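Chemist: I'd like to ask some things about the structure below.
In the numbering used here, the protein residues as written are 10 to 305.
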């Protein structure tokens, strides 16, 4: 009597597991960004204290795991007794609002000008590109400080300033995409069909450059957040007592040399995690959405 063993059949991984494994999806960076976004949305619920109100009797309390700390202030307090954890939570809201809004503003302006410049050509292209070249020749941070010193520090002004500083990146990239797309057959067929230039730019050109704009926006998010933190650190960004990560680092730099490390290290870690996660997500999107970089 012979015993036959059933053949071993290799089981394929489930579709979600196969996606994470084969696509190189940046799961950790996305989770970090989602966590920061959720913290920003529900800051009023998550923060244990008012981030703008403190008590001088509680100033310079260390984190709970250090000697002299307490669970009442898990990450310690600052120089005026405000809870650091609460300020970090509300600082996430400031960074997300300023970063995303400034990227959307810069992306909208730069994409529109890039499409107009690339498709129309002629004097429109010359004017837009010469302004773009002059804008790019200016150091971004120095130019942002100059504009902030003129219009004054406020959250809305910082969004406007960052949009004015970084729209040129979009205009340059999108114009290059449009110069290639305008030679494609579907654009020529639209011209033969009698479509106006406005219709061609809106219905045929814009949908084909959205991928590039999204990838560039994801990569620019980290740059914008760092610039906003630098402006707040220098005192020309989000005005106090509003909790911004850069402003928290500026307030804590005086206590850094006497051992109050949590006032600068903790907001610095938050900035680093957000910027690094945004850059990693942007790199992944760049590879997945660029046909030339796909491994077909």
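Glycine included, every Cβ here is placed at the ideal spot set by N, Cα and C.
In this text the structure is predicted, and so the values were computed from the model without any measurement.
(1) Compute the beta-carbon to beta-carbon distance between residue 168 and residue 114, rounded to the nearest angstrom, for a pair I have assumed lies under 8 Å.
(2) Should the stretch 264-273 be called in touch with the stretch 204-211, which here means at least 3 C-beta pairs below 8 Å?
(3) If you drop the 5 nearest sequence neighbours on each side, which residues of the same chain put their C-beta closer than 6 Å to that of residue 60?
(4) Could you give the distance in angstroms between the alpha-carbon of residue 282 and the alpha-carbon of residue 259?
(5) Short of 7 Å in beta carbon distance, which residues of its chain neighbour residue 121, apart from the five on each side in sequence? Order them along the chain.
(6) For the alpha helix (DSSP H) containing residue 348, list its first residue and its last residue.
(7) Put residue 269 into one of helix, strand or coil per three-state DSSP.
(8) DSSP on residue 92, reduced to helix/strand/coil?
(9) Go through its chain and collect everything with a Cβ distance to residue 137's Cβ below 6 Å, but skip five positions before and after it.
(10) Given residue 31, which residues of its chain have a CB within under 6 Å of its CB, disregarding the five upstream and five downstream residues?
(11) Quick check: what's the CA-CA separation for residue 265 versus residue 84?
(12) Can you name the start and end residues of the alpha helix (DSSP H) that residue 134 belongs to?
(13) Does DSSP put residue 79 in a helix, in a strand, or in coil?
(14) Taking the beta carbon of residue 205 as the centre, do at least 16 other beta carbons fall within 10 Å, making it buried, or is it exposed?
(15) In whole angstroms, what is the alpha-carbon distance linking residue 170 and residue 107?
(16) Helix or strand or just coil, what does DSSP make of residue 296?
(17) Per DSSP, which residues does residue 86 bridge with? Please list them.
(18) Buried or exposed: where does residue 195 fall if 16 or more other Cβ atoms within 10 Å of its Cβ makes it buried?
(19) I need the straight-line Cα distance from residue 42 to residue 287, nearest angstrom please.
(20) Mapping DSSP to helix, strand and coil, what is residue 176?
(21) Taking the alpha helix (DSSP H) that residue 38 falls in, what are its first and last residues?
(22) Among 101, 87 and 35, which residue has its Cα nearest to the Cα of residue 48?
Modeler: On the basis of the data shown:
(1) 6 Å
(2) no
(3) 95, 96, 99 and 252
(4) Taking C-alpha positions only, residue 282 is separated from residue 259 by approximately 19 Å.
(5) none
(6) Since the first residue shown for the chain is 10 and the last is 305, residue 348 is missing from the structure and cannot be characterised.
(7) coil
(8) Here residue 92 sits in strand by DSSP.
(9) 122 and 126
(10) Caution is warranted here: a pLDDT of 48 is assigned to residue 31, below 50, making its placement in the model unreliable, and the coordinate value is therefore given only provisionally. Cβ neighbours of residue 31 beyond the five flanking positions: none.
(11) 15 Å
(12) 131-146
(13) strand
(14) exposed
(15) 11 Å
(16) helix
(17) 92
(18) exposed
(19) 7 Å
(20) Note: residue 176 maps to helix in three-state DSSP.
(21) 36-50
(22) 101
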